[in-house]
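Student:
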Amino acid sequence: MWTFLRITILVGALYYFSDQQKSSTDPAVFNPQPVNRQLYIKNTMQTVKEQFVLKGYACADLLQSFEALADTLGAELMWDEKEVIADGEIILGETNGDTIWIYTPPCAQTTIVTFFHEVGHLKLHFDDIIRPNDLVEREAEAFGQQLAEWLRDVELVEGEDMQDISLKRSTK
Numbered sequence: 012m013w014t015f016l017r018i019t020i021l022v023g024a025l026y027y028f029s030d031q032q033k034s035s036t037d038p039a040v041f042n043p044q045p046v047n048r049q050l051y052i053k054n055t056m057q058t059v060k061e062q063f064v065l066k067g068y069a070c071a072d073l074l075q076s077f078e079a080l081a082d083t084l085g086a087e088l089m090w091d092e093k094e095v096i097a098d099g100e101i102i103l104g105e106t107n108g109d110t111i112w113i114y115t116p117p118c119a120q121t122t123i124v125t126f127f128h129e130v131g132h133l134k135l136h137f138d139d140i141i142r143p144n145d146l147v148e149r150e151a152e153a154f155g156q157q158l159a160e161w162l163r164d165v166e167l168v169e170g171e172d173m174q175d176i177s178l179k180r181s182t183k
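Printed below as a string of structure tokens:
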């Protein structure tokens with residue numbers, strides 16, 4: 012008798028839970044975790060490239076382009092040239108999902124990579140899935156490097172200071 016009652020309760024519970032559908036407010040509905048992480052990262056990079064509008068090649072235009080992309084992604088971009096050190100390492104930028112802080116001088120080569128690195132964190136790592144820190148950093152670093160490569164060949168203009176750069180898109 013007790014065995015029959017236990018089986019009945021178990022079967023009833025299974026039917027109840029199998030009948031439940033995900034709520035439209037469930038984050039997993041909006042951010043499904045893809046089976047192929049590399050393909051997901053590649054598609055995310057392509058989306059960012061499509062959202063990035065280069066307003067010009069001067070330093071101020073590049074900074075405006077960064078601001079516009081951050082706005083499109085729903086984040087605020089903050090510049091601060093202070094030196095931030097954590098665990099003995101210099102931190103060039105960080106994000107909390109709502110704000111991107113960049114701690115390098117505007118328009119330096121490292122600023123472009125740092126900005127796209129933080130965009131990588133923003134797009135790839137605020138999905139409530141716990142990942143090892145070294146994997147998170149490797150993904151963001153690859154994301155930043157590849158997008159900076161896409162905006163390729165940043166060179167200092169002859170005779171101008173570090174704040175004035177020229178940006179040339181690669182024709183490769």
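The sequence shown finishes on residue 183 if you use the working numbering, and the numbering steps up by one all the way, no holes. Backbone N, C-alpha and C define an ideal beta-carbon position, used for all residues, glycine too. None of the values given here were measured: they were computed from a predicted structure.
Hey, out of Ala119, Tyr51, Pro143, Leu65, whose CA is closest to tryptophan 161's CA?
Tutor: Leu65
Student: Taking the alpha carbon of arginine 48 as the reference point, which residue from Thr83, Leu146, Lys60 has its own alpha carbon closest?
Tutor: Leu146
Student: Taking valine 59 and valine 130 to be in contact with their CB atoms under 8 Å, please state how far apart those CB atoms are, rounded to whole angstroms.
Tutor: 6 Å
Student: Let's test the definition: count the other Cβ atoms within 10 Å of the Cβ of threonine 83 and tell me whether it reaches 16, buried, or not, exposed.
Tutor: exposed
Student: Taking only the alpha-carbon atoms, compute the straight-line gap between glycine 85 and aspartate 98 and give it to the nearest angstrom.
Tutor: 29 Å
Student: Of the residues Asp138, His132, Ile140, Phe137, which one's Cα is nearest the Cα of glutamine 156?
Tutor: His132
Student: According to DSSP, which residues form a beta bridge with methionine 89?
Tutor: Beta-bridge pairing links methionine 89 to Trp112.
Student: Relative to the ligand ZN, is the shortest distance from any of its heavy atoms to the C-beta of leucine 103 smaller than 7 Å?
Tutor: Of the ligands one can find in the structure shown there are none, so the ligand ZN has no counterpart to examine.
Student: Starting from the Cα of threonine 121, find the closest Cα among Asp139, Glu152, Arg142 and give me that residue.
Tutor: Glu152
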